[in-house]
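Quick notes on the structure that follows.
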Amino acid sequence: NAGVTQTPKFQVLKTGQSMTLQCAQDMNHEYMSWYRQDPGMGLRLIHYSVGAGITDQGEVPNGYNVSRSTTEDFPLRLLSAAPSQTSVYFCASSYSASGSQETQYFGPGTRLLVL
Amino acid sequence: AQTVTQSQPEMSVQEAETVTLSCTYDTSESDYYLFWYKQPPSRQMILVIRQEAYKQQNATENRFSVNFQKAAKSFSLKISDSQLGDAAMYFCAYRSAGDSSYKLIFGSGTRLLVRP
Chain A
24 NAGVTQTPKF
34 QVLKTGQSMT
44 LQCAQDMNHE
54 YMSWYRQDPG
64 MGLRLIHYSV
74 GAGITDQGEV
84 PNGYNVSRST
94 TEDFPLRLLS
104 AAPSQTSVYF
114 CASSYSASGS
124 QETQYFGPGT
134 RLLVL
Chain B
19 AQTVTQSQPE
29 MSVQEAETVT
39 LSCTYDTSES
49 DYYLFWYKQP
59 PSRQMILVIR
69 QEAYKQQNAT
79 ENRFSVNFQK
89 AAKSFSLKIS
99 DSQLGDAAMY
109 FCAYRSAGDS
119 SYKLIFGSGT
129 RLLVRP
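Top line first, the protein sequences correspond to chains A and B.
Start counting the first sequence at 24; every next residue gets the next number (my numbering).
Start counting the second sequence at 19; every next residue gets the next number (my numbering).
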């Protein structure tokens, strides 16, 4: 298993540009999520999905869109990048959301710089 | 709202010694999960250990163990026989068993330095 993969590893954008951060997992996990990590802070939840076709907002959703057309993929779209979106983005997944299999596994992160 | 506090921005330990990282949390719930994640310079978030709130027994994973004090809302991580590879940021995280977003709430992290 490759686990949770993210592309790209690093991206520079200009203000107003759009882009998609890719996330994929090959563990047949139902739950997937996106977090952002800012300096001096822990991770904060942006969006999440409990299965294909189902998405919902997390703690800091503004400026981001998601979709979940397949179990494996959960892309994060920045509609019009702003300097405040400069951050490190992590995708995470877990088999289910409760019980003994609730552990979330994280991807390697995407570092985004918005100028 | 739940919060997680890590009051030690940085800790230092001599190789082969033991170090304890502190974490406190605030919640009104009785059923939840607690985690410690390690983030090395590669930035990969790696699960170190987890604890279910309904279990009184402290979790242990090899050299890593926790001291879970539910009444005090404290969840400290003890690393025994510290190794150079343990140097990293360590994040404490909380997840409500009843939150439909399954959101992890993280503390601000503790940077662990290991002296050779």
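Heads up, the beta-carbon is just placed ideally off N, CA and C, and yes, glycines get one too.
What you are looking at is a predicted structure, and each value in this text was computed from that prediction instead of being measured.
Would you mind stating whether residue i and residue j have Cβ atoms separated by less than 8 angstroms?
i: Thr21 of chain B; j: Asp44 of chain B; result: yes
i: Leu138 of chain A; j: Lys37 of chain A; result: yes
i: Ser126 of chain B; j: Gly76 of chain A; result: no
i: Ala77 of chain B; j: Gln87 of chain B; result: no
i: Met55 of chain A; j: Phe113 of chain A; result: no
i: Phe102 of chain B; j: Pro58 of chain B; result: Looking at the sequence itself, residue 102 of chain B is Leu, so the reference to Phe does not match. Not a contact, by the Cβ cut-off of 8 angstroms.
So residue i contacts chain B; which residues on that side make the cut at Cβ distance below 8 angstroms?
i: Pro131 of chain A; result: Ser60, Arg61 and Gln62
By DSSP's criteria, residue i is part of a beta bridge. Which residues make up the other side?
i: His70 of chain A; result: A:Trp57 and A:Gln80
i: Lys172 of chain B; result: The requested residue 172 of chain B is not part of the displayed model; chain B covers only 19 to 134.
i: Met107 of chain B; result: B:Gln57 and B:Arg129
i: Val31 of chain B; result: B:Val132
i: Met102 of chain A; result: The identity of residue 102 of chain A in the sequence shown is Leu, whereas the question assumes Met. For Leu102 of chain A, which the question treats as bridged, DSSP gives no partner whatsoever.
i: Asp44 of chain B; result: B:Thr21
Rounding to the nearest angstrom, what Cα-Cα distance links residue i and residue j in this structure?
i: Asp49 of chain A; j: Val27 of chain A; result: 7 angstroms
i: Thr94 of chain A; j: Pro131 of chain A; result: 19 angstroms
i: Ser94 of chain B; j: Gln24 of chain B; result: 10 angstroms
At what residues does the beta strand (DSSP E) containing residue i begin and finish?
i: Ala25 of chain A; result: Counting along the chain, Ala25 of chain A falls outside any beta strand (DSSP E), and DSSP gives it neither H nor E.
i: Gln24 of chain B; result: Note, Gln24 of chain B: premise wrong, no beta strand (DSSP E); not H, not E.
i: Asn88 of chain A; result: Tyr87 to Val89
i: Met42 of chain A; result: Met42 to Gln48
i: Tyr112 of chain A; result: Ser110 to Ser117
i: Thr93 of chain A; result: Thr93 of chain A -> no beta strand (DSSP E), and no H or E assigned at all.
i: Leu135 of chain A; result: Thr133 to Val137
At 7 angstroms on the CB atoms, spell out the chain A contacts of residue i, in chain order.
i: Gly127 of chain B; result: Gly65
Given that residue i touches chain A, what residues does it touch there, using C-beta distances under 9 angstroms?
i: Lys56 of chain B; result: Here the premise fails: no neighbours, minimum Cβ distance about 11 angstroms.
Identify the contact partners of residue i in chain A, using a Cβ-Cβ distance below 8 angstroms as the criterion.
i: Tyr50 of chain B; result: Within 8 angstroms Cβ-Cβ: nothing; Tyr50 of chain B doesn't reach chain A, min ~11 angstroms.
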